[in-house]
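Everything on this sheet refers to the single structure shown next.
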Amino acid sequence: MDSDGTQDARGTHASPVPRPAGPPEVPAMPPRPPRAPATPPLPDGSAFLTWLRAPRPDAAPGVWRFGHRPRPAEEPEEIPTRQLLSGALIAFLVGWLIWSLLQNGYIGTWWWVPFDLIVPDAWRGGDSDLGETGTFIVYQGYELLVALVIMVGAARLGRWGEVWRRFVTPRFRRPEAQEARTAPEDDPAQWNELRAAGAVDAAERLATEARTGLMRDVDHARILRAWQGVRTGRHSLATFSGAVLKDGAAACVHPSGERDLPARLARHDLVTGQVRLGTTVDDARNPYAYRGTGLALGPDLLGTSLVAVGPAGSGKTGTVVRPLAESLCLHALAGRAAVVVVGAAGAGLGPADAYDVVVRIGNQESEYDLDLYGGTTDPDEAAAVLAEALVGDLADPHPGSDSRRSTTVLAQLLGPFRAVHGRFPSVPELRQLLDGAPGPFAALRQGLQEAGQESLLRELDARERQMGQPGDVGGVLGDRVALLDRPAFAGFFDTSGQSRPFTLKALDHPVRVRIDLPQRGHADASKMLARLVLAQFTASVAVREDRSLFACLLLDDATGVVTPEAVRGIQRLRSGNAGVVLTLRTLDDVARPLRGPLLGATGCRMALSGLTPWDGQDFAEVWGKEWTEARDVTDRQIIAETPAGKAVHMLRRVITGKAPTARAVTVRQVERERWSASELAHAVPAGHAVLSLTDVKGEHAPPLLVDLRG
Numbered sequence: 004m005d006s007d008g009t010q011d012a013r014g015t016h017a018s019p020v021p022r023p024a025g026p027p028e029v030p031a032m033p034p035r036p037p038r039a040p041a042t043p044p045l046p047d048g049s050a051f052l053t054w055l056r057a058p059r060p061d062a063a064p065g066v067w068r069f070g071h072r073p074r075p076a077e078e079p080e081e082i083p084t085r086q087l088l089s090g091a092l093i094a095f096l097v098g099w100l101i102w103s104l105l106q107n108g109y110i111g112t113w114w115w116v117p118f119d120l121i122v123p124d125a126w127r128g129g130d131s132d133l134g135e136t137g138t139f140i141v142y143q144g145y146e147l148l149v150a151l152v153i154m155v156g157a158a159r160l161g162r163w164g165e166v167w168r169r170f171v172t173p174r175f176r177r178p179e180a181q182e183a184r185t186a187p188e189d190d191p192a193q194w195n196e197l198r199a200a201g202a203v204d205a206a207e208r209l210a211t212e213a214r215t216g217l218m219r220d221v222d223h224a225r226i227l228r229a230w231q232g233v234r235t236g237r238h239s240l241a242t243f244s245g246a247v248l249k250d251g252a253a254a255c256v257h258p259s260g261e262r263d264l265p266a267r268l269a270r271h272d273l274v275t276g277q278v279r280l281g282t283t284v285d286d287a288r289n290p291y292a293y294r295g296t297g298l299a300l301g302p303d304l305l306g307t308s309l310v311a312v313g314p315a316g317s318g319k320t321g322t323v324v325r326p327l328a329e330s331l332c333l334h335a336l337a338g339r340a341a342v343v344v345v346g347a348a349g350a351g352l353g354p355a356d357a358y359d360v361v362v363r364i365g366n367q368e369s370e371y372d373l374d375l376y377g378g379t380t381d382p383d384e385a386a387a388v389l390a391e392a393l394v395g396d397l398a399d400p401h402p403g404s405d406s407r408r409s410t411t412v413l414a415q416l417l418g419p420f421r422a423v424h425g426r427f428p429s430v431p432e433l434r435q436l437l438d439g440a441p442g443p444f445a446a447l448r449q450g451l452q453e454a455g456q457e458s459l460l461r462e463l464d465a466r467e468r469q470m471g472q473p474g475d476v477g478g479v480l481g482d483r484v485a486l487l488d489r490p491a492f493a494g495f496f497d498t499s500g501q502s503r504p505f506t507l508k509a510l511d512h513p514v515r516v517r518i519d520l521p522q523r524g525h526a527d528a529s530k531m532l533a534r535l536v537l538a539q540f541t542a543s544v545a546v547r548e549d550r551s552l553f554a555c556l557l558l559d560d561a562t563g564v565v566t567p568e569a570v571r572g573i574q575r576l577r578s579g580n581a582g583v584v585l586t587l588r589t590l591d592d593v594a595r596p597l598r599g600p601l602l603g604a605t606g607c608r609m610a611l612s613g614l615t616p617w618d619g620q621d622f623a624e625v626w627g628k629e630w631t632e633a634r635d636v637t638d639r640q641i642i643a644e645t646p647a648g649k650a651v652h653m654l655r656r657v658i659t660g661k662a663p664t665a666r667a668v669t670v671r672q673v674e675r676e677r678w679s680a681s682e683l684a685h686a687v688p689a690g691h692a693v694l695s696l697t698d699v700k701g702e703h704a705p706p707l708l709v710d711l712r713g
């Protein structure tokens, strides 16, 4: 079937959707008028400019960079509050006592010796050259100097600076929402890079649109994407400038004509490409630099793929898949990404208006169909993908195993059928061929003989000889195809050109796709279709021409989908600027020999609350151990024998709140699991998850306890 999968998303036109939105491309179809934005434009651009100019410092992987304030890598030693305040008060009282003793002469007049040595004799006494007023000022100035020295000493001993920073400074800290001051040469709202390249008029138009509130975050990201095309030579500067001068912030619009999603539930920052999933808990098990920071994901992390494991109700769909799908749809509108979201019908993966293509398998009202053969014309390629979908879960899960026999059987049928009919067989026709029905085989043989296809005749003869032999997988393939040959799917997987099939070959474009699986009543068929989509995705992204477009597949509930070939495909995605997000209720849904390879193939791993100890053990093994410093402290109370010693001990108890003790500390290095299976099963609160991250550059973050509700 020669479907390219790039038809217009709403069905109003049949011409192909153009490539990623950019000024040099003249759309092959007239763009639809955009609907009213979900959020009306602001009366001025102050909010947009504040967002655009907000600081986004470089940070460790997973840190929400918008307005982020970096923290030290190591936690500073903090004095307990009671000890700090009592010490500051006592230091003040001691300083006041010393000053009192000096003023009243109880400890002599030695502190006037520096004054006598420095000040001339003519300045002393009421009859001095300075007069009474001047003499008074000189004496009082010296006393003030001595008082300042005593106060500075008391402040240092009592740590008054720490008291000020901990209890006073936070009350006067300005809120983060205030607009950051940006130098004109560094102001992103001025589009200085365009000005330097000679597109001054275009830069002025965009700056005006930003100030007047006509530009939004998607517009900014989309125009930057188009400008990158100019820098790489794919587009000309003149065409880009012409598009901007004509349409302003609406230039280079997505082929759908949309400039925003109908609604947003998560917090997004399209400058960094991140979506915020939660807040890293201020917990001792988290590195100090991460504590209390926002936790966010973007294409740089999703490019290493993500697997999330948690029982039903733990928040996989609502707090992980839905925000990621929303973020990638925004990236698609900006011309940066192509996204395919797969889940059960009614799973809450976003409204239909947020997608260009919605495939509702099993729903006769679905406007789109799914191409069973992935849009390829090569019988061997189609056979490999289809075999993975049909019997990939039956292959030996040990590394190195494959489903070559099933691929060979399908290729022996698909090649001859396409040579005779010019298309691949429909589901009923494929089922008849696999079952060995005499009528279809005879017709196929006659067609090959008339066309003189001797090599394909030998393929067909080999298939007939193998049928019914021990070890033949044709019967198993026929049984699996029978799951799709049901009345509920009668209008789907059509190969005659009567439907509008979608194929994942369309991932060369910034397309937004949602595929609803019929899990209710057709659970086995849904698993098979999910394997089909994953196999087509991994095969398609490997041969894309434009790999600057990030491609991502979000598979909600990957039960029965992880196969040996799927793991090998996931390992190859990073080099193709693509990734997958898989969610599982438990790792028991994956064959035991594949659990380690799956966790090893994905760079981001998430364990949600409610995990079983057996699943926790797999995560604990992949996260490994670390060397930590263990301290063994032994306290022995000191008994005072003299009245003076008892008084000192009483004063020490008042200051510190503890009895005087002699402490012996033994420090040693021990190797411990970062997160044990027991901790993952019982110490992760509801609504939380433990998440480790690796980006496409190889930088990684250790397992972090994250509050997904923050």
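The numbering of the sequence shown is our numbering, which starts it at 4 and goes up by one. Quick reminder that beta carbons are idealized off the backbone N, C-alpha and C, glycines included.
Cutting at 7 Å between CB atoms, please list the residues of its own chain near residue i, excluding the five before and the five after it.
i      : result
Ala350 : Thr320 and Asp559
Trp102 : Ala150 and Ile153
Leu2   : The requested residue 2 does not occur in the structure, where the chain is confined to residues 4 to 713.
Taking Cβ to Cβ, would you say residue i is nearer than 7 Å to residue j?
i      : j      : result
Ala386 : Thr410 : yes
Val625 : Leu601 : no
Arg677 : Pro706 : yes
Phe553 : Pro302 : yes
Gly377 : Val388 : yes
Ser308 : Thr589 : no
Arg515 : Ala229 : no
Ser429 : Thr498 : yes
Leu614 : Ala684 : yes
Gly251 : Glu212 : yes
Glu391 : Ala533 : no
Asp592 : Thr562 : yes
Where does residue i fall in DSSP's three states?
i      : result
Trp67  : coil
Ala695 : A small fix is needed here, since residue 695 is Ser in this sequence, not Ala. Strand at Ser695.
Asp618 : helix
Gly297 : strand
Met470 : coil
Ala180 : In this predicted model, Ala180 has a pLDDT of only 42, less than 50, meaning its place in the structure is not dependable enough to derive any value.
Thr283 : strand
Pro27  : Any answer about Pro27 is weak, because its pLDDT of 30 lies below 50 and its placement is not dependable; what the coordinates show is given next. Three-state result, Pro27: coil.
Pro431 : helix
Gly395 : helix
Pro706 : strand
Ala328 : helix
Gln522 : coil
Val345 : strand
Met609 : strand
Ala62  : coil
Leu264 : coil
Val361 : strand
Val687 : coil
Gln367 : coil
Asp372 : strand
With residue i as the anchor, note down where its alpha helix (DSSP H) starts and where it stops.
i      : result
Thr664 : Looking at the DSSP string, Thr664 is not in any alpha helix (DSSP H); the run it does join, the beta strand (DSSP E), is Thr664 to Glu676.
His271 : Note, His271: premise wrong, no alpha helix (DSSP H); beta strand (DSSP E) at Arg270 to Asp272.
Gly442 : Pro441 to Ala454
Gly582 : That residue, Gly582, is in no alpha helix (DSSP H); its beta strand (DSSP E) goes Ala581 to Leu587.
Pro95  : According to the sequence displayed, residue 95 carries Phe and not Pro. Unbroken alpha helix (DSSP H) run through Phe95: Thr84 to Asn107.
Between which two residues does the beta strand (DSSP E) harbouring residue i extend?
i      : result
Trp630 : Lys628 to Gln640
Ala311 : Leu309 to Val312
Met531 : No beta strand (DSSP E) holds Met531; the alpha helix (DSSP H) holding it covers Ala526 to Val544.
Leu558 : Phe553 to Leu558
Take residue i and list the residues in its own chain whose beta-carbon comes closer than 6 Å to its own, dropping the five residues that flank it on each side.
i      : result
Gly281 : Leu298, Val709, Asp710, Leu711 and Gly713
Asp527 : Leu486
Val361 : Ala355 and Arg517
With 16 other CB atoms within 10 Å as the buried threshold, where does residue i fall?
i      : result
Val536 : buried
Leu104 : exposed
Asn580 : buried
Glu329 : buried
Asn289 : buried
Pro646 : exposed
Using a Cβ cut-off of 7 Å (strictly closer), state whether residue i contacts chain D.
i      : result
Val651 : This model lacks chain D altogether, as it is built from one protein chain only.
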